[in-house]
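For the protein sequence lines, the chains are A and B, in the order given.
Note that full-length UniProt numbering numbers the first sequence so that position 290 is 290, with each residue one more than the last.
Note that full-length UniProt numbering numbers the second sequence so that position 157 is 157, with each residue one more than the last.
We put the beta carbon where it would ideally sit given N, CA and C, even for glycine.
Down below is the structure, laid out as structure tokens.
Number of protein chains: 2
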Amino acid sequence: MNNLPRSVTIIEVGPRDGLQNEKGFVPTERKIAFILALKRAGFREMEVTSFVSPKWVPQMKDAGEVAEAVISEGDPVRNFILVPNRKGVERFRKTKAKAAAFFVGVSDTFNQKNINRTTEESLHELAPLIKDLKAEGCFIRVCLSTAFYCPFEGRVPEEKTVRLAEAFAALGADELSVADTIGMASPDESYSLFKKLKERFPDLLLTAHFHDTRKMGLANILAALQAGIDRFDASAGGLGGCPFAPGASGNVATEDVVYMLERMGIRTNIDREKLAEAVDGIAPFLSRPVESADYRLRKGG
Amino acid sequence: MNNLPRSVTIIEVGPRDGLQNEKGFVPTERKIAFILALKRAGFREMEVTSFVSPKWVPQMKDAGEVAEAVISEGDPVRNFILVPNRKGVERFRKTKAKAAAFFVGVSDTFNQKNINRTTEESLHELAPLIKDLKAEGCFIRVCLSTAFYCPFEGRVPEEKTVRLAEAFAALGADELSVADTIGMASPDESYSLFKKLKERFPDLLLTAHFHDTRKMGLANILAALQAGIDRFDASAGGLGGCPFAPGASGNVATEDVVYMLERMGIRTNIDREKLAEAVDGIAPFLSRPVESADYRLRKGG
Chain A
1 MNNLPRSVTI
11 IEVGPRDGLQ
21 NEKGFVPTER
31 KIAFILALKR
41 AGFREMEVTS
51 FVSPKWVPQM
61 KDAGEVAEAV
71 ISEGDPVRNF
81 ILVPNRKGVE
91 RFRKTKAKAA
101 AFFVGVSDTF
111 NQKNINRTTE
121 ESLHELAPLI
131 KDLKAEGCFI
141 RVCLSTAFYC
151 PFEGRVPEEK
161 TVRLAEAFAA
171 LGADELSVAD
181 TIGMASPDES
191 YSLFKKLKER
201 FPDLLLTAHF
211 HDTRKMGLAN
221 ILAALQAGID
231 RFDASAGGLG
241 GCPFAPGASG
251 NVATEDVVYM
261 LERMGIRTNI
271 DREKLAEAVD
281 GIAPFLSRPV
291 ESADYRLRKG
301 G
Chain B
1 MNNLPRSVTI
11 IEVGPRDGLQ
21 NEKGFVPTER
31 KIAFILALKR
41 AGFREMEVTS
51 FVSPKWVPQM
61 KDAGEVAEAV
71 ISEGDPVRNF
81 ILVPNRKGVE
91 RFRKTKAKAA
101 AFFVGVSDTF
111 NQKNINRTTE
121 ESLHELAPLI
131 KDLKAEGCFI
141 RVCLSTAFYC
151 PFEGRVPEEK
161 TVRLAEAFAA
171 LGADELSVAD
181 TIGMASPDES
191 YSLFKKLKER
201 FPDLLLTAHF
211 HDTRKMGLAN
221 ILAALQAGID
231 RFDASAGGLG
241 GCPFAPGASG
251 NVATEDVVYM
261 LERMGIRTNI
271 DREKLAEAVD
281 GIAPFLSRPV
291 ESADYRLRKG
301 G
């Protein structure tokens, strides 16, 4: 429990990863208000939207409008836009965004079912896009999903995740967000993988992405902190489900993460009051109740 | 993350600590069936009921009947009955029980509001009862509530908890269950207090009792494990609320604790299938939905 970081960066993923899993369309002005409220709460890194096909993800059909409204010249916030392919990159270039996020599943079967490509094919498709954007001065975040467990393949070997991380590091990725997509990693597994990654990539930004499916979200964060991780994805209100675990909680809720970290004396620079305001603003537009402990305690039920 | 225990004892507190917080009366035969189902799941230590005044806790008015039905000669299970005072001890002596649990709040204000005595007065009242039962060959468990935080006094100094622990150790207590009654302890605080207690009382059974009020239940268990604790209170189905945090989750749910520990390679000797059967049997008689991740995943919502 010693040598914990004194401050931590929280990458707020609610507006993208969170809302993307919402069935009912959230009005564009509400998305924008949500993002702006989150910026007021102090986040300096955030996934704001996704340039996926509106055919596949209708929730993100207003991505261009959202990006236009929330990303301004000189914004101190690192606004990530998810770009799945070349078409996404072309849209990305028309925005003021300077930070792109790419996704790939460590598990072949998961990647195949998700985007109809093997992991290797995704890597080859993304490689030139990453190199180009990097050359244009963009910040590159790569999200490695199913880095621990795959709903189809089960346990994903650590070495497989490390090898894929190496491939993206070689392409010039600035950040790797390593995700326990189905919320099955146990704290010892989180500690072990993140310790390996931290040793292997001392100069890369390494981010841990946990789900609270098994209520182990905060325990996994505690384990990753001990492995030297000081960047965590989290979703305001715990937005975002896991389509492979019906009824399960989604991303670990930002307000609960902030609460735990601040209580441990680890600075997040997030204003919890203002974060609560952001959550309250989006809550009425969600298909299911907000599940963070913070929200439930505030609402008394 | 090294030097974790290879096996852990879970003290199931659902039938007592859990049900005691239920407003609606749970039929006696259901309580008995619940306890017997839990015994089949493998628990070897359990709080089965409480000899409190039926005027104060009507839920426990059938405590005698429950004790009679579930405690038999030669039972391998350590069946705890909570005894708050001399009257409770007299009822206890008429049963086959060999293990008594006593409660006291480390915080004076909490103890005062709960049982109308200062902590010191409780200690003086319980001292002769503990000595007598101990002399009669009984196992003595002492539950120190508000060992970290008090809803009225705030942070409880570690030294205050250690001093009270010393007093009960001197009286011959076999076990101290140290509780974060309002679910506010952060993992570093849990680690710190349990490390101190472990060093101070190397020969005493030390048990950690956490609530999931702030979703930190499993993170606190992880921290306590690292401090050398290998005994945890938990409540099947997460039964039991916290009257001071409306809408909050109750005790950390046994099935979620067992899941995490077993996934970490730490043996609990609990059969998760049979534990689920016990939870399913009691669920229809509860005033609120079962909140364990395990239950929700099994029910798909």
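- Scanning its chain for C-beta atoms nearer than 6 Å, with the 5 sequence neighbours on each side dropped, one finds around A/E255 the residues L275, S292, D294, in chain order.
- Secondary structure of A/G154 (DSSP, three-state): strand.
- Remark: C-beta atoms of A/V48 and A/I71 approach each other more closely than 9 Å.
- Proximity of chain A to B/R263 at the Cβ level (cut-off 7 Å) is accounted for by S186, in chain order.
- Around the beta carbon of B/A219, a 10 Å sphere encloses 16 or more other beta carbons of the protein chains shown; the residue is thus reported as buried.
- In the DSSP assignment, A/L176 forms a beta bridge with A/V142, A/L206.
- The beta carbon of B/M216 falls within 9 Å of a beta carbon belonging to chain A, placing the residue at that interface.
- For B/E199, no Cβ of chain A is located within less than 9 Å of the residue's own Cβ.
- Bounds of any alpha helix (DSSP H) do not take in A/G240, whose DSSP letter is neither H nor E.
- Residue contact with chain B for A/D256: present (Cβ-Cβ distance below 9 Å to some residue of chain B).
- Cβ neighbours of A/L205 within its own chain (closer than 7 Å, five residues either side excluded): D174, E175, R231.
- Residues of chain B whose Cβ lies closer than 8 Å to the Cβ of A/L222 are, in chain order, P187, A219, L222, A223.
- In this structure A/D180 is in contact with A/F210, their Cβ atoms being roughly 5 Å apart against a cut-off of 8 Å.
- Close partners of A/M1 in chain B (Cβ separation under 7 Å): D188, Y191, A223, Q226.
- Fully contained in the region 93-151 of chain A are the following alpha helix (DSSP H) runs of length 4 or more, in chain order: 108-115, 119-135.
- Chain B places a beta carbon closer than 9 Å to that of A/M260, counting this residue as a contact.
- Counting the other Cβ atoms within 10 Å of the Cβ of A/F102 gives 16 or more, which makes it buried.
- Secondary structure note for A/S192: its alpha helix (DSSP H) is the uninterrupted segment 187-200.
- Contact of A/L4 with chain B is assigned, a C-beta pair being separated by under 9 Å.
- Take A/G74, set aside five residues on each side of it, and no residue of its chain has a beta-carbon closer than 7 Å to its own.
- For A/E12, the uninterrupted beta strand (DSSP E) segment begins and ends at 9-12.
- By the criterion of a C-beta distance shorter than 6 Å, A/A283 is surrounded in its chain by V290, once the five residues flanking it on both sides are discounted.
- Residues of the region 267-299 of chain A whose Cβ lies closer than 7 Å to any Cβ of chain B, in chain order: A293, R296, L297, K299.
- When DSSP assignments are scanned along the region 21-60 of chain B, the uninterrupted stretches of beta strand (DSSP E) that are 3 or more residues long and fall wholly within it turn out to be 45-50.
- Inter-residue distance for B/E121 and B/A127 is about 10 Å (C-alpha atoms, whole angstroms).
- Inclusion of B/A236 and B/G24 in the CB contact set at 9 Å is not warranted, their separation being larger than that value.
- Two segments are said to touch when three or more pairs of C-beta atoms, one from each, lie closer than 8 Å; by this definition the region 53-69 of chain A touches the region 24-36 of chain A.
- Buried is the label assigned to B/E45, since at least 16 other Cβ atoms lie within 10 Å of its Cβ.
- At the C-beta level, B/V257 and B/T268 come within 9 Å of one another.
- For A/L171, there is no enclosing alpha helix (DSSP H), as DSSP marks it with neither H nor E.
- When B/V142, B/R117, B/L222 are compared, the shortest CA-CA separation from B/L129 is found for B/V142.
- Between B/A167 and A/A99, the alpha-carbon positions lie close to 60 Å from each other.
- Rounded to whole angstroms, the gap between the alpha carbons of A/S287 and A/E22 is 7 Å.
- Burial state of A/R296 is buried, judged by a 10 Å Cβ sphere holding 16 or more other Cβ atoms.
- Contact of B/A253 with chain A is assigned, a C-beta pair being separated by under 9 Å.
- Contact annotation for B/T213 against chain A: A293 [CB-CB distance below 7 Å, chain order].
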